[in-house]
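Visitor: Have a look at this one.
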Amino acid sequence: MSLDLHFILFLLLRMAIAATFVVTASIIAERSGPVIGALVATLPISAGPSYAFLAIDHDAAFIAQGALASLPVNAATIFMCLIYVVLAQRHGMVVSCASAFAVWIAIASVIRQFDWSLAAGLAANLIAFGICIPLLAGYRHVKMPLVGRRWYDVPMRAALVATLVAIVVSTSNWVGPRISGIIALFPVVFSSMMVILHPRIGGPPTAAVLANSAWGLLGFGMAIVVLHLGVVWFGSAIGLCLALAACVTWNLTLWAIGRRAVRKAQQGP
């Protein structure tokens, strides 16, 4: 088997694995409501496979440096969510989504100009989430209509994630760890949710899903920190596992807190 054919087949296998991952997560999110859906959406559904396959092709130093670039991109994603949530209250999908994407691209373009340290990335996230979480709080509680899945919904999400994985893996040697880390965090899941849900259930309910994702996205940023430190200290495999565990633990904690709050509200004073 030629090297080119081997690369293509291995790339297709990676894309298929990533697509299977996002299909499973999408079905869980759709059947669980906006709060659980938001928590599932902030798991490393697209970034996880991208980093796992990068770790196969590159050493721990590459992954650690990529994580440093990914950390401030997480701040760009929460600003993208804020722009969409605010605009979606009164505007259609095209205006809301295009504006949100433009903000993400603009911030990501600035991020790529710098070599980020861990402290700088943490500061960017603290500032971004300190601004955005209070502003998003008022948009979280919206009655959600029933959503009927269309045949192309899950395949479209799977195709987007598979394409992202293909871009990250096939260009990583050329663009280096910094750009790879930025591309790996392109908000595929949020983008697909906006494009699919907005025309179907309207802007405010779709915005509510993204608004509920703010705390989960904060935990995702913490998982990137764990990834960087874990890869530096223990190597790529352990670092990736620790990052996934941190993200899952954070989201389960948010879920438990939410359940406790609901029970208290039902019991009354």
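Each residue of the sequence shown is one higher than the one before, starting from 95 at the first, in the working numbering. C-beta: ideal position from N, C-alpha, C; glycine also.
Measuring only the C-alpha atoms, how far is valine 188 from alanine 200?
Guide: Numbered from 1 along the sequence shown, position 94 holds the residue referred to as residue 188. Numbered from 1 along the sequence shown, position 106 holds the residue referred to as residue 200. For valine 188 and alanine 200, the distance between alpha carbons rounds to 18 Å.
Visitor: Going by other Cβ atoms of all chains shown within 10 Å of its Cβ, with 16 needed for buried, is glutamine 183 buried or exposed?
Guide: Your numbering for residue 183 matches position 89 in the sequence shown. Exposed, since its Cβ has fewer than 16 Cβ neighbours within 10 Å.
Visitor: Taking the Cβ atom as the reference point for each residue, do cysteine 226 and alanine 308 lie within a distance shorter than 9 Å?
Guide: Position 132 of the sequence shown holds residue 226. Position 214 of the sequence shown holds residue 308. Going by C-beta atoms, cysteine 226 is nearer than 9 Å to alanine 308.
Visitor: When burial is assigned at 16 or more other CB atoms within 10 Å of the CB, is threonine 136 buried or exposed?
Guide: Looking up residue 136 in the sequence shown gives position 42. With 16 or more Cβ atoms within 10 Å of its Cβ, threonine 136 is classed as buried.
Visitor: Are the Cβ atoms of proline 166 and cysteine 341 separated by less than 9 Å?
Guide: On the sequence shown, residue 166 is found 72 positions in, with the first residue counted as 1. On the sequence shown, residue 341 is found 247 positions in, with the first residue counted as 1. Against a cut-off of 9 Å, the Cβ pair of cysteine 341 and proline 166 comes out as no contact.
Visitor: How far does the alpha helix (DSSP H) with leucine 323 in it reach, from first residue to last?
Guide: Locating residue 323 in the sequence shown gives position 229, counting from the first residue. Residues 308-328.
Visitor: Buried or exposed, going by whether 16 or more other CB atoms sit within 10 Å of the CB of proline 249?
Guide: Position 155 of the sequence shown, counted from the start, is the residue given in the question as residue 249. Under this definition proline 249 is an exposed residue.
Visitor: Compare the Cα-Cα distances from alanine 141 to each of Ala217, Leu312, Ser274 and report the closest residue.
Guide: For the purposes of this step, residue 141 is taken as the residue at position 47 of the sequence shown. Comparing Cα positions, the closest option is Ser274.
Visitor: With a cut-off of 8 Å on the beta carbons, I'd call tryptophan 198 and proline 298 a contact; round off their distance for me.
Guide: For the purposes of this step, residue 198 is identified with residue 104 of the sequence shown, where counting begins at 1. For the purposes of this step, residue 298 is identified with residue 204 of the sequence shown, where counting begins at 1. In fact, because the Cβ distance is near 21 Å, the residues do not count as touching under 8 Å.
Visitor: Buried or exposed for leucine 346, going by 16 or more other Cβ atoms inside 10 Å?
Guide: Numbered from 1 along the sequence shown, position 252 holds the residue referred to as residue 346. By the neighbour-count rule (16 or more Cβ atoms within 10 Å), leucine 346 is not buried but exposed.
Visitor: Quick check: the Cα distance between alanine 305 and tyrosine 233, rounded to an integer number of angstroms?
Guide: Residue 305 sits at position 211 when you count from the first residue of the sequence shown. Residue 233 sits at position 139 when you count from the first residue of the sequence shown. Roughly 6 Å separates the two Cα atoms.
Visitor: At what residue ranges does the segment 130-202 contain a whole run of the beta strand (DSSP E), taking only runs of 3 or more?
Guide: Entirely contained in the segment 130-202, not one beta strand (DSSP E) run reaches 3 residues.
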